[in-house]
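Reviewing the structure listed below.
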Amino acid sequence: MHAPVAGCMRWGKWGAQFSTAQYRQMIDACLEQGITAFDHADIYGDYTTEADFGEALKESPALRAQLRLISKCGIRMVAEQRPSHQIKSYDSSAQHIIQSVEQSLRNFGTDHLDVLLIHRPDPLLHPAEVASAVSHLKQQGKILQFGVSNFLPHQVDTLAGHTLIEYNQVEISIIHLSAFANGTLDNCLQHHITPMAWAPLGGGIFTDDSHPRFRSIVQTATALAEKYETGLNEILLAWLGAHPAGILPVIGTTKLERLIQAKTASQLKLEREDWFRLLAASTGEDVA
Ligand SMILES: NC(=O)c1ccc[n+]([C@@H]2O[C@H](COP(=O)([O-])OP(=O)(O)OC[C@H]3O[C@@H](n4cnc5c(N)ncnc54)[C@H](OP(=O)(O)O)[C@@H]3O)[C@@H](O)[C@H]2O)c1
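Going by my numbering, the first residue of the sequence shown is number 11, and it counts up by one from there.
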């Protein structure tokens, strides 16, 4: 399995509100663990987190070459930073994509994004127009790779007819199993798309022990953690890592110790029956 991705959604205004020094500390800790990819979106922190992260990069320009920046666009949020937005909406027009990327580059103080994702499937998305924006941005060296997020297989298929899609970032965890059954992961295998899993730890299982399903998952994962002499998080991530599509977990933590767990998990291999044991703990039944 490849190294996990560090999700930065909760690092700024929407969570930990890190100082520039704390951003730097987290970035360094990630790099020490071999975690080199950082997941952003233009909207995180009400359009402020990219720039906050960028402050840390600007203080140490040599850092940029050591990391990979992923960002997303396509959601227009109502926020103080965007007074012209009256309601939440999507925009996958070429103009919006290009302007959003250029703003992200200014925020990070860089000349390129390593990966650009379209954040949500937009009912008004015109595939040829998205493809032209992607081609323009690639030609200018402003993005190196392109992908989507939260797209269903038919939406990927439609866009893949016009441009190369290299990633689909979707919610996948032991409590969010739809990607296994709705064709998303098969579609990734078919198109050689790397799936990224957002919320890969299914945060709720840690905070809600009133739910019998969550209790059952925690009980089973804890027993497996004992068997493999590791922790609960490592088991949950190794469970995702077992899928043949090569799921990259986008870890949303703000804690250094969980980054270390993520690294350990990327080297852990679950036995097949244990994988199904955890699945059964989530669904409440053995497979047919
Ligand atoms: N593409 C999209 O539409 C989309 C949507 C949402 C998120 N994302 C991306 O995915 C990343 C991850 O998302 P996420 O933060 O929702 O998911 P996550 O990695 O599953 O984490 C969820 C929460 O669980 C907590 N947690 C983890 N292990 C724990 C433990 N052992 N005990 C108690 N709490 C624990 C984390 O808090 P701690 O800080 O305490 O570790 C975090 O707040 C985001 O940063 C973002 O980059 C993408």
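All C-beta atoms in this analysis are idealised placements derived from N, C-alpha and C, irrespective of residue type, glycine included.
Does residue i come out as helix, strand or coil in the three-state DSSP assignment?
i: residue 53; result: coil
i: residue 186; result: strand
i: residue 89; result: strand
i: residue 124; result: strand
i: residue 258; result: strand
i: residue 209; result: coil
i: residue 286; result: helix
i: residue 276; result: coil
i: residue 204; result: strand
i: residue 11; result: With a pLDDT of 46 at residue 11, under the threshold of 50, the modelled position of this residue cannot be trusted, and the question is left open.
i: residue 252; result: coil
i: residue 47; result: strand
i: residue 99; result: strand
i: residue 133; result: coil
i: residue 192; result: coil
i: residue 145; result: helix
i: residue 140; result: helix
i: residue 268; result: helix
i: residue 298; result: coil
i: residue 35; result: helix
i: residue 20; result: coil
i: residue 30; result: helix
i: residue 246; result: helix
i: residue 292; result: helix
i: residue 42; result: helix
Using a threshold of 8 Å, state whether the C-beta atoms of residue i and residue j are closer than that.
i: residue 207; j: residue 182; result: yes
i: residue 52; j: residue 113; result: yes
i: residue 191; j: residue 180; result: no
i: residue 243; j: residue 271; result: yes
i: residue 116; j: residue 98; result: no
i: residue 205; j: residue 160; result: no
i: residue 232; j: residue 287; result: no
i: residue 33; j: residue 66; result: yes
i: residue 111; j: residue 77; result: no
i: residue 198; j: residue 255; result: yes
i: residue 238; j: residue 245; result: yes
i: residue 30; j: residue 69; result: yes
i: residue 16; j: residue 261; result: yes
i: residue 273; j: residue 45; result: yes
i: residue 212; j: residue 186; result: yes
i: residue 57; j: residue 22; result: no
i: residue 210; j: residue 247; result: yes
i: residue 258; j: residue 14; result: yes
Return the first residue and the last residue of the beta strand (DSSP E) that residue i is part of.
i: residue 158; result: 153 to 159
i: residue 82; result: 78 to 83
i: residue 180; result: 177 to 181
Assuming the contact rule is C-beta atoms closer than 8 Å, residue i and residue j should be a hit. Round their C-beta distance to whole Å, please.
i: residue 156; j: residue 174; result: 7 Å
i: residue 26; j: residue 264; result: 4 Å
i: residue 127; j: residue 166; result: 12 Å between Cβ atoms; not a contact.
i: residue 140; j: residue 169; result: 6 Å
i: residue 63; j: residue 118; result: 7 Å
Would you mind reading off the limits of the alpha helix (DSSP H) that contains residue i?
i: residue 15; result: Run containing residue 15: none in the alpha helix (DSSP H); it sits in the beta strand (DSSP E), 15 to 17.
i: residue 217; result: 214 to 217
i: residue 168; result: 163 to 170
i: residue 118; result: 104 to 118
i: residue 329; result: It is not possible to answer for residue 329, since the shown part of the chain is limited to 11 through 298.
i: residue 68; result: 59 to 69
Cβ-heavy atom distance between residue i and ligand 2 below 7 Å?
i: residue 88; result: Although ligand 2 was asked about, the structure shown includes only ligand 1 as ligands.
> Counting pairs of beta carbons, one from the region 40 to 50 and one from the region 68 to 85, are three or more of them closer than 8 Å?
Replying inline: Yes: the two stretches touch, three or more of their Cβ pairs being nearer than 8 Å.
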